[in-house]
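Asker:
Number of protein chains: 2
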Amino acid sequence: MATQDLASHLAEQQGAEDKLYNQVALRISELIEHGTLRPGARVPSVRKLSEQEEVSIATVMQAYRVLENKGLIEARPQSGYYVRARLWQAPAEPEKSEPPLRATRVNTSELVMRFMQAARDPALVGFGAALPSPQLLPTRQLCRTMAAVGRRSPQLANRYDVAPGAHELRVQIARRAMATGCTLAPDDIIITCGCQEALYLALRAVAEPGDTIAIESPTYFGVLQIIGSLRLKACEIPTFPRHGICLDELEKRLDCCRIKACLFMLNYSNPLGSCMPDAKKARLVEILARRNIPLIEDDIYGELAFAPERPKVAKAFDRGGQVMLCSSFCKTLAPGYRVGWIVPGRLRDRVQHLKYVTSVGTATLPQLAIADFLANGGFDHHLRRLRRLYAEQLERVTHAITKYFPKGTRVTRPTGGYVLWVELPPQIDSIELFDRALEEKISVAPGPIFSPKQQFRNFIRLNCGAPWSQTIDQALLKLGQLIARMM
Amino acid sequence: MATQDLASHLAEQQGAEDKLYNQVALRISELIEHGTLRPGARVPSVRKLSEQEEVSIATVMQAYRVLENKGLIEARPQSGYYVRARLWQAPAEPEKSEPPLRATRVNTSELVMRFMQAARDPALVGFGAALPSPQLLPTRQLCRTMAAVGRRSPQLANRYDVAPGAHELRVQIARRAMATGCTLAPDDIIITCGCQEALYLALRAVAEPGDTIAIESPTYFGVLQIIGSLRLKACEIPTFPRHGICLDELEKRLDCCRIKACLFMLNYSNPLGSCMPDAKKARLVEILARRNIPLIEDDIYGELAFAPERPKVAKAFDRGGQVMLCSSFCKTLAPGYRVGWIVPGRLRDRVQHLKYVTSVGTATLPQLAIADFLANGGFDHHLRRLRRLYAEQLERVTHAITKYFPKGTRVTRPTGGYVLWVELPPQIDSIELFDRALEEKISVAPGPIFSPKQQFRNFIRLNCGAPWSQTIDQALLKLGQLIARMM
Numbered sequence: 001m002a003t004q005d006l007a008s009h010l011a012e013q014q015g016a017e018d019k020l021y022n023q024v025a026l027r028i029s030e031l032i033e034h035g036t037l038r039p040g041a042r043v044p045s046v047r048k049l050s051e052q053e054e055v056s057i058a059t060v061m062q063a064y065r066v067l068e069n070k071g072l073i074e075a076r077p078q079s080g081y082y083v084r085a086r087l088w089q090a091p092a093e094p095e096k097s098e099p100p101l102r103a104t105r106v107n108t109s110e111l112v113m114r115f116m117q118a119a120r121d122p123a124l125v126g127f128g129a130a131l132p133s134p135q136l137l138p139t140r141q142l143c144r145t146m147a148a149v150g151r152r153s154p155q156l157a158n159r160y161d162v163a164p165g166a167h168e169l170r171v172q173i174a175r176r177a178m179a180t181g182c183t184l185a186p187d188d189i190i191i192t193c194g195c196q197e198a199l200y201l202a203l204r205a206v207a208e209p210g211d212t213i214a215i216e217s218p219t220y221f222g223v224l225q226i227i228g229s230l231r232l233k234a235c236e237i238p239t240f241p242r243h244g245i246c247l248d249e250l251e252k253r254l255d256c257c258r259i260k261a262c263l264f265m266l267n268y269s270n271p272l273g274s275c276m277p278d279a280k281k282a283r284l285v286e287i288l289a290r291r292n293i294p295l296i297e298d299d300i301y302g303e304l305a306f307a308p309e310r311p312k313v314a315k316a317f318d319r320g321g322q323v324m325l326c327s328s329f330c331k332t333l334a335p336g337y338r339v340g341w342i343v344p345g346r347l348r349d350r351v352q353h354l355k356y357v358t359s360v361g362t363a364t365l366p367q368l369a370i371a372d373f374l375a376n377g378g379f380d381h382h383l384r385r386l387r388r389l390y391a392e393q394l395e396r397v398t399h400a401i402t403k404y405f406p407k408g409t410r411v412t413r414p415t416g417g418y419v420l421w422v423e424l425p426p427q428i429d430s431i432e433l434f435d436r437a438l439e440e441k442i443s444v445a446p447g448p449i450f451s452p453k454q455q456f457r458n459f460i461r462l463n464c465g466a467p468w469s470q471t472i473d474q475a476l477l478k479l480g481q482l483i484a485r486m487m
Numbered sequence: 488m489a490t491q492d493l494a495s496h497l498a499e500q501q502g503a504e505d506k507l508y509n510q511v512a513l514r515i516s517e518l519i520e521h522g523t524l525r526p527g528a529r530v531p532s533v534r535k536l537s538e539q540e541e542v543s544i545a546t547v548m549q550a551y552r553v554l555e556n557k558g559l560i561e562a563r564p565q566s567g568y569y570v571r572a573r574l575w576q577a578p579a580e581p582e583k584s585e586p587p588l589r590a591t592r593v594n595t596s597e598l599v600m601r602f603m604q605a606a607r608d609p610a611l612v613g614f615g616a617a618l619p620s621p622q623l624l625p626t627r628q629l630c631r632t633m634a635a636v637g638r639r640s641p642q643l644a645n646r647y648d649v650a651p652g653a654h655e656l657r658v659q660i661a662r663r664a665m666a667t668g669c670t671l672a673p674d675d676i677i678i679t680c681g682c683q684e685a686l687y688l689a690l691r692a693v694a695e696p697g698d699t700i701a702i703e704s705p706t707y708f709g710v711l712q713i714i715g716s717l718r719l720k721a722c723e724i725p726t727f728p729r730h731g732i733c734l735d736e737l738e739k740r741l742d743c744c745r746i747k748a749c750l751f752m753l754n755y756s757n758p759l760g761s762c763m764p765d766a767k768k769a770r771l772v773e774i775l776a777r778r779n780i781p782l783i784e785d786d787i788y789g790e791l792a793f794a795p796e797r798p799k800v801a802k803a804f805d806r807g808g809q810v811m812l813c814s815s816f817c818k819t820l821a822p823g824y825r826v827g828w829i830v831p832g833r834l835r836d837r838v839q840h841l842k843y844v845t846s847v848g849t850a851t852l853p854q855l856a857i858a859d860f861l862a863n864g865g866f867d868h869h870l871r872r873l874r875r876l877y878a879e880q881l882e883r884v885t886h887a888i889t890k891y892f893p894k895g896t897r898v899t900r901p902t903g904g905y906v907l908w909v910e911l912p913p914q915i916d917s918i919e920l921f922d923r924a925l926e927e928k929i930s931v932a933p934g935p936i937f938s939p940k941q942q943f944r945n946f947i948r949l950n951c952g953a954p955w956s957q958t959i960d961q962a963l964l965k966l967g968q969l970i971a972r973m974m
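Those protein sequences? They're chains A and B, same order as listed.
What the first sequence shows, in our numbering, is residues 1 to 487, in sequence order.
What the second sequence shows, in our numbering, is residues 488 to 974, in sequence order.
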């Protein structure tokens with residue numbers, strides 16, 4: 001990753017001036033970028049740099065962890081940190097998106113269901129669904145925890161858990177919310193069947209059929225399916241691949257369309273991987289509060305920052321209870337447990353009633369197992385490992401794209417999460433590519449499912465949730481060949 | 488229970504002529520009713536009756552099991568069957584319900600949420616929510632099964648289980664459907680988060696805001712909440728406490744209101760406990776098929792028949808795919824697992840998409856644990872025990888009502904399930920009773936939550952899902968005193 005990317009990333013991440021380790025990391029990354037520190041060279045020892053920069057040992061350690069997560073340096077046991085060999089230039093990023101100005105109906109359900117059913121086949125090399133690889137998750141440990149909870153208090157584990165959900169879990173979620181900049185009480189939180197139900201309930205709570213919802217362009221297809229199914233309209237907001245939606249363009253649309261609510265993924269959006277700087281989030285919340293428009297915030301990837309500290313949520317800047325924060329443990333712990341949550345703000349009672357109406361409550365035992373894991377299982381330790389692995393996997397897939405995909409391919413450079421948004425040469429039809437890849441037992445997510453009007457015809461999203469392997473390398477080579485043949 | 492009740496029950500249960508054991512049971516029950524066999528008397532031995540009636544030993548055994556479940560006879564070890572001492576007369580049943588003729592909006596959400604939140608308190612004596620007592624369920628065994636499934640294949644257990652849901656479970660549900668009179672393939676079934684989500688998806692699939700849904704009067708309040716939340720209207724159909732809705736009255740309303748769909752609980756309805764005879768079900772399906780009106784069938788209590796064989800479902804008579812069968816394991820196995828299902832008939836694709844939109848999928852491990860239990864855990868053995876216990880519990884609570892409640896109280900006589908619908912003297916306000924009982928740490932379900940217009944002011948529903956105990960006896964005594972004080 002080029003220095004300017006890192007610099008911009010660091011600046012975005014938090015007001016960089018108060019984060020010493022970011023400055024130190026930036027200094028070293030510049031030395032690497034300018035060739036002062038060449039691939040294979042040893043970077044200054046922690047002690048030496050600490051003296052030289054007049055910062056603590058801990059600060060240097062943290063700076064080196066940032067650089068390690070970004071793939072710029074690597075630790076060699078008993079020997080210190082070295083500059084990683086990187087002899088390739090990452091491709092350019094896609095440009096700002098240009099959706100139509102008007103609100104539109106969504107009609108992609110057939111394509112999405114075809115995609116989802118195809119993605120279920122376990123025999124595929126799965127670049128399709130945005131799934132963490134089960135190998136990377138503490139699946140066995142969670143199963144053991146669940147068994148222990150069940151043994152300890154079987155009656156508790158089998159009780160009807162009517163909304164708002166298990167108190168134990170809500171306590172843990174509230175505790176962890178501090179890292180997102182929020183102060184939450186357990187009663188602010190309602191447990192849901194994954195983030196999808198949280199988003200579904202939020203949209204039902206704020207909108208009626210015919211209403212218009214502002215979304216990012218491109219946006220996660222699951223959100224588009226809710227919007228279509230509830231007979232809402234979507235107003236797409238142009239986005240930058242790094243910082244997410246363009247606030248000026250948002251304001252323009254707020255002025256001309258009758259936007260009922262916004263639904264945005266501000267941290268490591270899907271599929272873009274963009275992350276809105278915290279200061280920009282504050283401005284967004286302020287813009288919407290002025291107009292009394294609720295913001296539904298999908299933070300499902302927020303914990304998967306590559307930097308040591310996760311970004312804040314927009315909810316952290318919310319004064320009037322207008323931000324409805326949605327998230328889940330599906331991307332970090334347990335896709336199969338279907339445990340998510342919503343912080344509905346001032347619409348709490350309405351959302352709780354809707355949750356009751358829709359599914360009464362969420363399965364109890366998975367909630368208790370996750371609560372126990374959060375309290376005692378080393379979630380932060382697990383997250384640190386996961387972030388490092390995802391950063392590495394994104395880097396490896398990007399490198400393979402550089403080698404195997406045609407010239408002119410553009411790729412995003414996310415600073416968190418595990419998906420890449422790939423712009424192929426303009427003549428490539430990604431739905432055709434999707435079908436051809438399926439025949440080769442490879443799944444990809446075609447661009448048109450991320451847009452109400454099936455734009456992004458020549459884009460694909462690649463899931464990088466699985467550990468790098470020969471199979472993945474070969475599948476990317478094959479994809480590159482398929483694309484070349486379609487040109 | 489009087490002979491005429493048993494006779495009517497048996498006639499309802501299935502075309503009695505082809506069920507020899509029902510005839511034998513009826514014969515013996517008549518001998519008891521007429522005093523030929525007095526309380527404490529030994530009934531003829533199995534062998535003797537088999538010779539006398541010229542039927543097989545198995546038939547007599549089954550007949551005695553019916554009588555035992557009904558509480559008429561009891562087995563004494565090493566000694567045979569004896570007539571149970573029953574020195575009390577059960578109260579009269581409520582009469583046919585008389586709802587308003589017009590379709591109405593539902594507005595009971597506040598009352599229901601107050602009721603549901605109150606019912607959550609584990610310190611209460613719980614006649615409120617219709618819950619099976621965890622002690623009666625194979626909770627430990629299910630937990631062990633879940634742990635074993637998780638150990639055996641942790642990756643499988645943590646996979647994203649997108650609709651239609653775990654194949655293993657759908658195979659087991661299809662296998663069991665034979666007893667309901669249906670021939671189903673696993674792909675006919677979609678797994679849901681409990682029966683509530685199944686009903687929710689079914690209503691979303693068939694109706695638009697403003698449409699009218701025909702329901703039973705009284706009807707389960709969870710259904711009313713869905714109807715209200717989706718801005719539908721409810722048209723209540725008069726019901727008989729034993730056989731459920733009056734088909735003539737239904738036809739009248741089908742002719743004058745524009746009914747978009749029907750949602751009925753034909754087997755052991757909640758709160759009535761009524762069970763529609765199978766022949767009447769066939770007629771119902773035929774009436775609706777002629778008018779091309781879908782029937783959403785809630786069979787959540789269907790497995791809890793007190794007779795040895797469960798009644799059929801209306802789906803068994805469905806030729807055109809117009810019946811949408813919904814059920815769950817919440818009442819028989821695991822309230823906390825939130826595993827239900829729907830057989831959507833010809834609207835399968837639409838329901839599958841709606842399930843995806845609403846919550847993507849259902850938690851995987853609870854599905855696999857239940858599938859394993861159904862395959863290997865002795866579900867039928869468990870059900871037989873459960874049916875016997877529920878029949879006994881209903882009988883005990885009915886007896887206590889006879890002793891403790893004021894004269895004029897009426898009570899239903901369900902032939903399955905575990906709730907009683909109690910009509911109190913007309914001057915009793917059951918919402919006031921609900922509040923006063925809460926102060927005494929007793930929960931009941933007030934009648935008005937079972938009606939869109941808050942009718943049934945002097946009715947309560949009593950959950951009899953918990954094993955009989957001194958506490959329950961005392962709570963019923965207390966309830967009787969509270970009611971007496973309100974007169």
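Here a beta-carbon is modelled for each residue, glycine too, at the ideal position from N, C-alpha and C.
1. So does the region 248-258 of chain A actually touch the region 868-879 of chain B, counting three or more Cβ pairs closer than 8 Å?
2. Given this structure, state the Cα-to-Cα distance separating His167(A) from Lys355(A), to the nearest angstrom.
3. Please list the residues of the region 134-160 of chain A that have a C-beta atom closer than 7 Å to any C-beta atom in chain B, keeping them in chain order.
4. Confirm, please, whether the CB-CB distance from Trp88(A) to Pro271(A) is below 9 Å.
5. Between Ala207(A) and Leu232(A), how many whole angstroms is the CB-CB distance? I'm expecting something under 8 Å.
6. Measure the alpha-carbon distance for Leu686(B) versus Phe602(B) and round it to whole angstroms.
7. Let me check you understand the geometry: is the CB of Gln854(B) closer than 8 Å to at least one non-hydrogen atom of the ligand MG?
8. Considering Ala261(A), what are the terminal residues of the alpha helix (DSSP H) in which it resides?
9. Quick check on Thr471(A) - is its C-beta less than 9 Å from some C-beta in chain B?
10. Are the beta-carbon atoms belonging to Tyr268(A) and Pro414(A) less than 9 Å from one another?
11. To be precise: take each residue of the region 333-359 of chain A, compare its Cβ to all Cβ atoms of chain B, and keep it if any distance is under 7 Å. Which residues remain?
12. Name the DSSP beta bridge partners of Trp421(A), please?
13. For Gln225(A), which residues in chain B fall below 8 Å Cβ to Cβ?
14. What runs of the alpha helix (DSSP H), each 4 residues or longer, lie entirely inside the region 126-175 of chain A?
15. Within 10 angstroms of its Cβ, does Gly15(A) collect 16 or more other Cβ (buried), or is it exposed?
16. Check whether the Cβ atoms of Gly934(B) and Ser917(B) sit closer than 9 Å, and answer yes or no.
17. Anything in the region 572-585 of chain B with a Cβ closer than 8 Å to a Cβ of chain A? List those residues in chain order, please.
18. Per DSSP, what kind of secondary structure is Met811(B) in: helix, strand or coil?
19. What are the residues in the region 108-127 of chain A lying within 7 Å of chain B by C-beta distance?
20. How is the alpha helix (DSSP H) around Ser704(B) delimited, first residue to last?
21. Considering only C-alpha positions, which residue in the set Gly715(B), Gln510(B), Arg563(B), Arg883(B) is nearest to Glu540(B)?
22. Would you tell me roughly how many angstroms separate the C-alpha atoms of Gly823(B) and Pro578(B), rounded to the nearest one?
23. Bridge partners of Pro939(B), per DSSP?
24. Using the beta-carbon of each residue, which ones in chain B are nearer than 8 Å to Tyr200(A)?
25. Could you tell me the distance, in whole angstroms, from the CA atom of Trp468(A) to the CA atom of His399(A)?
26. Candidates Arg242(A), Ala475(A), Arg84(A): which alpha carbon is nearest Val411(A)'s?
27. Let's test the definition: count the other Cβ atoms within 10 Å of the Cβ of Ala617(B) and tell me whether it reaches 16, buried, or not, exposed.
28. Considering just the uninterrupted stretch of the alpha helix (DSSP H) at Ile714(B), what are its terminal residues?
29. So does the region 317-329 of chain A actually touch the region 289-298 of chain A, counting three or more Cβ pairs closer than 8 Å?
30. Report yes or no: is there a C-beta of chain A within less than 9 Å of the C-beta of Thr490(B)?
31. Would Thr546(B) pass as an interface residue toward chain A - the criterion being a Cβ-Cβ separation below 9 Å?
Answerer: Taking the structure as given:
1. No, the region 248-258 of chain A does not touch the region 868-879 of chain B.
2. The alpha-carbon atoms of His167(A) and Lys355(A) are separated by roughly 16 Å.
3. Flagged, chain order: Pro134, Leu137, Thr139, Arg140, Cys143, Met146, Ala147, Gly150, Arg151, Pro154, Gln155, Ala157, Asn158, Arg159, Tyr160.
4. The answer is no: Cβ separation not under 9 Å.
5. Your pair Ala207(A) and Leu232(A) checks out as a contact, with CB atoms roughly 5 Å apart and the cut at 8 Å.
6. Their Cα atoms are separated by approximately 21 Å.
7. Looking for the ligand MG in the displayed structure turns up nothing, as the structure carries no ligands at all.
8. Membership of Ala261(A) in any alpha helix (DSSP H) is not indicated; the residue belongs instead to the beta strand (DSSP E) covering 259-264.
9. No - not a single Cβ of chain B is within 9 Å of the one on Thr471(A).
10. Yes, Cβ-Cβ distance for Tyr268(A) and Pro414(A) is below 9 Å.
11. For the region 333-359 of chain A, which is checked against every Cβ of chain B, the residues closer than 7 Å are Ala334, Pro335, Gly336, Tyr337, Arg338, His353, Leu354, Tyr356, Val357, Thr358, Ser359.
12. Beta-bridge pairing links Trp421(A) to Arg461(A).
13. Within 8 Å Cβ-Cβ: His840, Tyr843, Val844.
14. With a minimum length of 4 residues, the continuous alpha helix (DSSP H) runs that stay inside the region 126-175 of chain A are 139-152, 154-157.
15. With a pLDDT of only 46 at Gly15(A), under 50, the local geometry of the prediction cannot be trusted, and the value read off the model is given with reservation. It is exposed - the Cβ of Gly15(A) has fewer than 16 other Cβ atoms within 10 Å.
16. Cβ atoms of Gly934(B) and Ser917(B): closer than 9 Å.
17. Taking 8 Å as the upper bound on Cβ-Cβ separation, chain A lies near no residue of the region 572-585 of chain B.
18. In the three-state reduction of the DSSP assignment, Met811(B) falls in the strand class.
19. Going along the region 108-127 of chain A in chain order, one finds Ser109, Met113, Met116, Arg120 with a Cβ nearer than 7 Å to chain B.
20. Taken as a continuous stretch (DSSP letters only), Ser704(B) belongs to no alpha helix (DSSP H), being part of the beta strand (DSSP E) at 699-704.
21. Comparing Cα positions, the closest option is Gln510(B).
22. Each residue's alpha carbon lies about 35 Å from the other.
23. In the DSSP assignment, Pro939(B) forms no beta bridge with any residue.
24. What Tyr200(A) touches in chain B: Val844, Thr845, Ser846.
25. Answer to the nearest angstrom: the Cα atoms are 12 Å apart.
26. With distances taken between Cα atoms, Val411(A) lies closest to Arg242(A).
27. Ala617(B) comes out buried.
28. 708-716 is the span of the alpha helix (DSSP H), which, as asked, contains Ile714(B).
29. With the cut-off at 8 Å, the region 317-329 of chain A and the region 289-298 of chain A touch.
30. Confidence is the limiting factor: at Thr490(B) the pLDDT is only 48, short of 50, which leaves the residue's position unreliable and the question unanswerable from this model.
31. For Thr546(B), the answer is no, since every Cβ of chain A falls outside 9 Å of its Cβ.
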